[in-house]
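See structure below.
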Amino acid sequence: GLKPSQQHECSQCTHSVTTQDIIKEENLRDDLRYYFMSPCEKYRARRHKPWKMGVQILKIVMITTQLILFGLNNQLVVSYKEETTMALKNLFLKGYSGVDEDDYCVAVYTQHDVYESLFYVLDQLGRLSVGPLGYTEDEDGKLLPLVICKEYYKRGSVDPSDEAFDIDAHIETGERGNIYSESEIFTFCMSHDPKTANWWRTHNSTFFDLDFYRLVDIKITFQLKGINLQTVRTRELPDCYSFYVTITFDNQCHSGKVKIFLHLDAQSSACRDWKISGTAQKNTHYLLVFDGFVILVCLTSAVLCTRSIVLAVRLLQRFSQFLHENYSRKVCEDDQREFLNGWYLLVIISDLLAIIGSILKMEIQAKSLTSYDVCSIFLGTSTLMVWVGVIRYLGYFQKYNVLILTMKAAFPKVLRFCCCAGMIYLGYTFCGWIVLGPYHEKFEGLSRVAECLFSLLNGDDMFTTFAQLKDKNTLVWFFSRAYLYSFISLFIYMVLSLFIALITDAYETIKNYQRNGFPLTDLQKFLKEQKDYPVVEESSQTDVHIRDTMICCCQRYDI
1 GLKPSQQHEC SQCTHSVTTQ DIIKEENLRD DLRYYFMSPC EKYRARRHKP
51 WKMGVQILKI VMITTQLILF GLNNQLVVSY KEETTMALKN LFLKGYSGVD
101 EDDYCVAVYT QHDVYESLFY VLDQLGRLSV GPLGYTEDED GKLLPLVICK
151 EYYKRGSVDP SDEAFDIDAH IETGERGNIY SESEIFTFCM SHDPKTANWW
201 RTHNSTFFDL DFYRLVDIKI TFQLKGINLQ TVRTRELPDC YSFYVTITFD
251 NQCHSGKVKI FLHLDAQSSA CRDWKISGTA QKNTHYLLVF DGFVILVCLT
301 SAVLCTRSIV LAVRLLQRFS QFLHENYSRK VCEDDQREFL NGWYLLVIIS
351 DLLAIIGSIL KMEIQAKSLT SYDVCSIFLG TSTLMVWVGV IRYLGYFQKY
401 NVLILTMKAA FPKVLRFCCC AGMIYLGYTF CGWIVLGPYH EKFEGLSRVA
451 ECLFSLLNGD DMFTTFAQLK DKNTLVWFFS RAYLYSFISL FIYMVLSLFI
501 ALITDAYETI KNYQRNGFPL TDLQKFLKEQ KDYPVVEESS QTDVHIRDTM
551 ICCCQRYDI
């Protein structure tokens, strides 16, 4: 046996080891409690200022302000393009009513009207609109030419009375002057100074003798220059625009209806020679400085959130090691999700999008880029995510946290339900497109069918959808009734009701947990424990007074 002195030393050693284990466990518990505290509780516990929350609030204000400023400028750009397109349609398209007909601008039905519309375009080329528009010049100062191309079937004769036709579909490739041949289409192009196009037309009358049985289409292309002067009102430098105008006479269907399109492709750039009085240039510098500060704030936010994620991973490793050593268990998935905070990932993604959008905005402001749409997508998406991230801070309050908990509880079930309902929805989409597409404008394309069915699912535009098929094919009319009635009955009365029931069930479950308490996981049980141990002289990783504070994480789980 051991001597009394040796027994005393062993008992002291065992007691020391036990004390060290208790200290280690309490340090882990305190670190976990502190990590799951709200910013206010962290300040009360350790006087730790909520820098991350302050940066998020500042970022929300700055990104929203940046978005509003860019949106106002983008509206001016879009309105200028739309109004210029409308002006050119009224200028070059004879009989244009101001509203496009379906997917085209104007339609003509006689050969005389085709000639009149074609010559009207050439006549109007010398009469530009009242806006600051002009013809494009090349590097030598000469006007870029107007190009007219007409496409024919290489050889074709059609006799509808005898139900006879002869079309040459022989594939030929080659180039002879201004004549181009591709597949069965025979193309002939001519070009001239746009200002004297009317004179050129009278001296090349044979070019405009059209064989309508063989004619596929006629395309008139030319370029214009314009300056968007309205941005001066917002103290910004005006942009110079290059407009690529294409007017198409489409006869591909050979149905007796020739559709006329005017397509305008606008590209903006910095003006080469400009002079302006006022504060436009100074305002541009201020905006560039503001965008640079936004980038700096977003970088700070991303770094702080990345730091929190790294800290969470380390705490998860420590807690996992503790469970393995003491209980031979692994951390459950629910507890792992508590450490891997999705809100931080959302904030980091929004920061990256905001940084990219700000860089694009600065390039646009400096007239180096013209990607307004791409920039607006980045800025808009980042702003959306920033405001959604505010819900994280509302989740610390019991009444507001109900929404978050309900969404988390219902999301897996709703996702599985939507996958099943989506299969039925796709079936109706394909069926509606193939059967009703030729007879109903809302079913002409797959995307339009999906949009129409979604509107019906929400109870919108039902009567119009039914009424537009009243004079169509009788068989299709009966099928459309069965199709629409079955879809509306199935999705509104059954699918939507089950969808709402899933969310209601999740909400009732959360309310019941709030009254009776949430099921405790290993992490929550560990945080609620409190062990007493002797006071030692060793330093702790956390301040001792944290143990006497109200535990934020337990509050969050109990609500």
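According to UniProt numbering, the sequence shown is numbered sequentially starting from 1. Backbone N, C-alpha and C fix where the C-beta goes; we use that ideal spot for every residue, glycine too.
Open item on the list: Alpha carbons only, please: which of Gln223, Leu304, Lys413, Ile260 is nearest the one belonging to Tyr507?
Closed with: Lys413
Open item on the list: Under 8 Å: do the segment 344-354 and the segment 302-314 share three or more Cβ pairs, one atom per stretch?
Closed with: yes
- [ ] Please state if the CB of Asp335 and the CB of Leu523 are separated by a distance shorter than 8 Å.
- [x] yes
Task: Own chain partners of Leu67 with C-beta closer than 6 Å, once the 5 adjacent residues on each side are dropped - done: Contacts found: Leu379, Thr383.
Open item on the list: Suppose the cutoff is 7 Å on Cβ atoms and the five residues either side in sequence are ignored; what does the same chain contact list for Leu229 look like?
Closed with: Around Leu229: Pro132, Pro238.
Open item on the list: With a threshold of 6 Å on Cβ separation, who are the neighbours of Cys271 within its own chain once the five nearest residues in sequence on each side are excluded?
Closed with: Excluding its 5 nearest sequence neighbours in each direction, Cys271 has C-beta neighbours in its own chain below 6 Å: Cys240, listed in chain order.
Open item on the list: I'd like to know whether the C-beta atoms of Val294 and Ile22 end up nearer to each other than 8 Å.
Closed with: no
Open item on the list: I'd like to confirm the pairing. Which residues does DSSP put opposite Asn228 in its beta bridges?
Closed with: Under DSSP, Asn228 forms a beta bridge with Asp239.
- [ ] Mind the definition here: the segment 260-270 touches the segment 241-252 only if three or more C-beta pairs lie below 8 Å; say whether that holds.
- [x] yes
Open item on the list: Tell me the residue span of the alpha helix (DSSP H) that contains Gln514.
Closed with: 496-516
Task: Option nearest Tyr372 by Cα separation, candidates Leu498, Gln75, Leu352, Lys59 - done: Selected option, being the one with the closest Cα: Gln75.
Open item on the list: Count Cβ pairs between the segment 446-454 and the segment 425-438 that sit closer than 8 Å; are there 3 or more?
Closed with: yes
- [ ] Evaluate Phe430 with the Cβ neighbour count: other Cβ atoms within 10 Å of its Cβ, from every protein chain shown; 16 or more gives buried, anything less gives exposed.
- [x] By the neighbour-count rule (16 or more Cβ atoms within 10 Å), Phe430 is not buried but exposed.
Task: Cut-off 6 Å between Cβ atoms - residues of its own chain near Glu538, not counting five sequence neighbours on either side - done: Legend: pLDDT at Glu538 = 36, less than 50; position of this residue unreliable, no value from coordinates given.
Task: Assigned secondary structure, Leu144 (DSSP; H/G/I helix, E/B strand, else coil) - done: coil
- [ ] State the Cα-Cα distance for the pair Ile359 and Leu426, rounded to the nearest angstrom.
- [x] In a straight line, the C-alpha of Ile359 is about 40 Å away from that of Leu426.
Open item on the list: Strictly by DSSP, which residues pair up with Asp250?
Closed with: Asp217, Lys259
Open item on the list: DSSP has Val245 in a bridge; who is on the other side?
Closed with: Phe222, Leu264
- [ ] Below 8 Å CB to CB, which residues in the same chain sit around Met86 once its five sequence neighbours on both sides are set aside?
- [x] Contacts found: Gly98.
- [ ] Compute the minimum distance between the beta carbon of Gln317 and the heavy atoms of the ligand ADP, and state whether it is under 7 Å.
- [x] This structure lacks the ligand ADP, and indeed carries no ligand of any kind.
TODO: For the beta strand (DSSP E) holding Ala107, just list the boundary residues, first then last.
DONE: 106-108
Task: Coil, strand or helix - Tyr485 by DSSP - done: When secondary structure is reduced to three states using DSSP, Tyr485 falls in the helix class.
Open item on the list: Nearest by alpha-carbon distance to Ile488: which of Lys330, Thr474, Ile424 is it?
Closed with: Ile424
Task: Selected residue, minimal CA-CA separation from Leu352, among Lys59, Lys49, Trp51 - done: That would be Lys59, whose Cα lies nearest to the Cα of Leu352.
- [ ] Using alpha carbons as the reference points, say which of Leu323, Phe322, Leu315 lies closest to Glu338.
- [x] Leu315
TODO: Write down the C-beta distance between Leu490 and Phe466 rounded to the nearest angstrom, noting that I regard them as a contact closer than 8 Å.
DONE: Between Phe466 and Leu490 the Cβ distance is about 17 Å, and since that is not below 8 Å, they are no contact.
- [ ] Determine the DSSP secondary structure at Leu133, reduced to helix, strand or coil.
- [x] strand
Task: With 16 other Cβ atoms within 10 Å as the buried cut-off, status of Leu262 - done: buried
TODO: Identify which residue in Gly357, Met362, Ile260, Ile349 has its Cα closest to the Cα of Val289.
DONE: Met362
Open item on the list: Using only the alpha-carbon positions, how far apart do Gln20 and Asn27 sit?
Closed with: 10 Å
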